[in-house]
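Enquirer: There's a structure below that I have some questions on.
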Amino acid sequence: MRHFVLHLIFFFSLSVLYSQNIKKENDLDSIIKLRQLSSDKTLSIDERFSYAVKATDLSYKTNIDSTILISNKNLSFFHLMKNDLNLYRSLNIDNLKLAKKLNDSSSIANVYHNLGYYYHVNQHNDSAYYYYSNALELYDKLNQERKVSSVLINVASIQQVENDFIGAEDNAIRAIEVLQKLPKTESVYDDLWILYNLLGINSLNLKLYNKSLDYHNEALKISGNMQSGKLNELYSTNNLAFVYRELGNLDKAISLYSSLLETKNLFEEDPSFYALILENIAYTRFLYGDKNLNDIESLFNRAYKISDSIDDPITKVGVTVSMSKFFKQLGRKKEALKYATETYFISKNIESNDILLESLLILSELKEGDEGKAYLNEHIKLSDSLLNVERNVRNKFARIEFETDKIAEENERISQQRFWLLIVSSVLLVTLFLLYIIITQRSKNKELQFEKDQQKANEEIYNLMLSQQDKVDEARANEKKRISQEMHDGILGRLFGTRLSLDSLNFSEGKEAIQNRSKYINELKTIEDDIRKISHDLNTDFVSGSGFMDIVSELIEKQTNAYQLKSEFNYTDDVSWELVSNKNKINIYRIIQESLQNIYKHAKAQTVKISFQLKNNVILLSITDDGEGFDVNKSKKGIGIKNINARVNDLKGEVEFISEINKGTTINIKIPYKTNS
């Protein structure tokens, strides 16, 4: 019965999960359909907007962040289309949080771009610059060149408005370089026109008139390549005329302005621009010295009437400032005051500081006494204030760029949404148990692999030792052969000769025989000394000090050469390494190898000194370098130090690390001198 209940609970839980997933899949299908309807351009904006809202509401019910983000991005577009900029900003702030949570770099960049646009439209240029800079950095890393150029145009525009002309020029040229690599579509041509026009105005502000003409001519050329570039062509012609007027080439300026007035349907297509041309040609003719003042005044009045009727304060303030200068030159003080005063108030309202400065200067000249001085003082104060603002703006933009560079990179999407959100407790326990087994098994496999690698390394060292021992044995055999030959060819021959001589003396007597016997006895003594010498040679280990020390010396030489270190190696002959166990010799070899690797990786040393001594039946190994040193207390957990400690423990020895910052490091190791016996 109990098992039946457990199975019932299990299958009930699975059925709940299954039904939840089916519902979620249905919701996702509905969200996709609603988004598609919101993109249907055959529907009205309000209908499309309502579908976008429904898609977002349904997305929040799924609790899937990526789905919510996509729907929110779609909805924010409609807030922009409906000019609900505050809702547009609020939704993009939510989108920024979601995009950062998902680590979606592309979406983060788009949100930064949107927030930059919001603050740009609302003339909060410092905030706009900040968000544009963040978007630019991410677009650049994502190689989204079209969006890079779009942001650069906006940044350059902000810098130009804030009189950071050098910064504006740099970013505009950078945007042009990006756009020139892209296929030449209509939108690319339009952006290129905007940039060259911006550079032309920039150069004009810097009084680089010929450079300004070059940029405006390039913009004019680009407008000719556009299918819908007529208005761009007219604007470029107007800009060229203005630069020619500033250069004093009034004939050329009047000719260009007159050609613009001949454009068909210009008033109907762009009445604001038409009024601006009327003002420009009127003021240019006046500067040229045209005597038909009534016609000039008529052009001014017509421009004023058009700008006033369409409620365009920007065009209107351009007309009124020219009219105030016109009437001032004619000595018509009343009209000059009227238009100068109007210019003063309009320019204050639209925050056009350049024209405001002009109006203040005109009013200071037209007004007498204290009132005129007040206008002049206001002009001076505003001029100084603008200079300070210009300097601060440059510093502010530099500071924003610096802070933007410090923002952490958020480039890759790390995780995917999971469809299984809830698992029955019993299934979860089994899963965790399986994971535990897998992790434990992997850990054991790593340990086995490590032991295998260690065994292989030990075998290599052992084989090296055997090879060295073979060389020693071969040398011993050769030496025995040499001694055998010496005994056979030398000593035995001499003994045989002496024996024969003594035998011959057995039959002789007298003084001469005695002398000969004495001579041969001395010869026997000499042969005895030679035999003693050969015996001594046989008893002495002619390879003392070789074997293991040769292997260690070869290790030190190879590694220090590879690591470009100078080395000193000293050892005593008192240690009989043949009697030390191979296991201990392998550990000593590994300790030296590990130490040399640590010196190379961390110490930045020039010289390393290694020595072996034998004192009180203890082998003393010392390894010293002249490197940077380290804090012994903080580095105890390092892998290198752990390995050395482990091997010293295996040797039943003791290790001491002595180190100071910038004073090098010494490792002293004491190893009991135990033989195989």
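If you use the working numbering, the sequence shown corresponds to residues 374 to 1050, in order.
Backbone N, C-alpha and C fix where the C-beta goes; we use that ideal spot for every residue, glycine too.
Using C-beta distances below 7 angstroms, list every residue in its chain close to Q600, excluding the 5 sequence neighbours before and after it, in chain order.
Expert: E559
Enquirer: Out of Y973, R1020, Y502 and I654, state which residue places its alpha-carbon closest to the alpha-carbon of G1002.
Expert: Y973
Enquirer: Rounded to a whole number of angstroms, what is the C-alpha to C-alpha distance between E652 and A676?
Expert: If I take the Cα positions, the gap works out to 6 angstroms.
Enquirer: Please look up how many angstroms separate the CB atoms of K977 and G1011, rounded, as I've assumed it's under 8 angstroms.
Expert: That belief does not hold up - the Cβ atoms of K977 and G1011 are roughly 16 angstroms apart, past 8 angstroms.
Enquirer: Let me make sure I understand the geometry here. Which of K754, S645 and L733 has the alpha-carbon closest to that of I687?
Expert: S645
Enquirer: Measuring CA to CA, which of N456, A545, V551 and Q496 is closest to N516?
Expert: V551
Enquirer: If we require 3 or more residues per run, which beta strand (DSSP E) segments fall completely within the region 590-621?
Expert: none
Enquirer: Which whole-angstrom value is the C-beta distance of S585 and L593, which I expect to be below 8 angstroms?
Expert: At roughly 13 angstroms, the Cβ-Cβ gap does not stay under 8 angstroms, so S585 and L593 are not in contact.
Enquirer: To the nearest whole angstrom, what separates the beta carbons of I498 and V484, a pair I think is in contact under 8 angstroms?
Expert: Reading off the sequence shown, one finds Asn at residue 498, where the question assumed Ile. Incorrect: roughly 19 angstroms between the Cβ atoms, too far for contact.
Enquirer: Measuring alpha carbon to alpha carbon, tell me which residue in E951, Y936 and K939 is nearest D923.
Expert: E951
Enquirer: At what residues does the beta strand (DSSP E) containing L993 begin and finish?
Expert: V991 to D998
Enquirer: When DSSP labels each residue in this structure, what does S1032 get in the three-state scheme?
Expert: strand
Enquirer: Using the Cα positions of D998 and L808, report the straight-line distance between them to the nearest angstrom.
Expert: 46 angstroms
Enquirer: In angstroms, rounded to a whole number, what distance separates the CA positions of N527 and Y492?
Expert: Taken atom to atom, the span from the alpha-carbon of N527 to that of Y492 is near 11 angstroms.
Enquirer: Of the residues L581, R421, I753 and S417, which one's Cα is nearest the Cα of S411?
Expert: R421
Enquirer: In three-state terms, what does DSSP make of L515?
Expert: coil
Enquirer: So the alpha helix (DSSP H) E559 belongs to, where does it begin and stop?
Expert: It spans E559 to N578 - the alpha helix (DSSP H) in which E559 sits, taken as one unbroken run.
Enquirer: Let me confirm a value: G691 is counted as buried when at least 16 other C-beta atoms fall within 10 Å, else exposed. Which label applies?
Expert: buried
Enquirer: Quick check on the DSSP output: what are the complete beta strand (DSSP E) runs of length 3 or more inside the region 662-701, in order along the chain?
Expert: none
Enquirer: Does DSSP classify Q888 as helix, strand or coil?
Expert: The answer is helix: DSSP assigns Q888 an H, G or I state.
Enquirer: Bridge partners for Q986 per DSSP, in chain order?
Expert: Beta-bridge annotation (DSSP): Q986 is paired with L993.
Enquirer: Locate the alpha helix (DSSP H) running through I964, then write down its first and last residues.
Expert: N955 to N971
Enquirer: Under 7 angstroms, do L623 and T657 count as touching if we go by C-beta distance?
Expert: yes
Enquirer: So, are the CB atoms of A482 and Y512 less than 7 angstroms apart?
Expert: yes
Enquirer: Distance check for G602 and A747, CA to CA, integer angstroms please.
Expert: 47 angstroms
Enquirer: Using only alpha-carbon positions, find the residue among D668, Y424, A713 and Q979 that is nearest to K939.
Expert: Ranking the options by Cα distance to K939, first place goes to Q979.
Enquirer: Judging by CA-CA distance, which residue of D413, I654, Y562 and S449 is the nearest neighbour of S631?
Expert: The option with the nearest alpha carbon to S631 is I654.
Enquirer: By the 10 Å Cβ neighbour count, where 16 or more other Cβ atoms means buried, how is L379 classified, buried or exposed?
Expert: Note on L379: pLDDT 49, under 50, position unreliable in the model; the coordinate value appears next. By the neighbour-count definition (other C-beta atoms within 10 Å, threshold 16), L379 is an exposed residue.
Enquirer: Does the separation of the CB atoms of E432 and S444 fall below 7 angstroms?
Expert: Per the sequence shown, the amino acid found at residue 432 is Ser instead of Glu. Yes, the Cβ-Cβ distance between S432 and S444 is below 7 angstroms.
Enquirer: Given F700, which residues of its chain have a CB within under 7 angstroms of its CB, disregarding the five upstream and five downstream residues?
Expert: E708, A709 and Y712
Enquirer: Alpha carbon to alpha carbon, how far is D914 from D1004?
Expert: With a pLDDT of 46 at D914, under the threshold of 50, the modelled position of this residue cannot be trusted; read the value that follows with caution. C-alpha separation (whole angstroms): 45 angstroms.
Enquirer: State the beta-bridge partners of F942 as determined by DSSP.
Expert: I983
Enquirer: Does G540 pass the burial test, meaning 16 or more other C-beta atoms within 10 Å, or should it be called exposed?
Expert: buried
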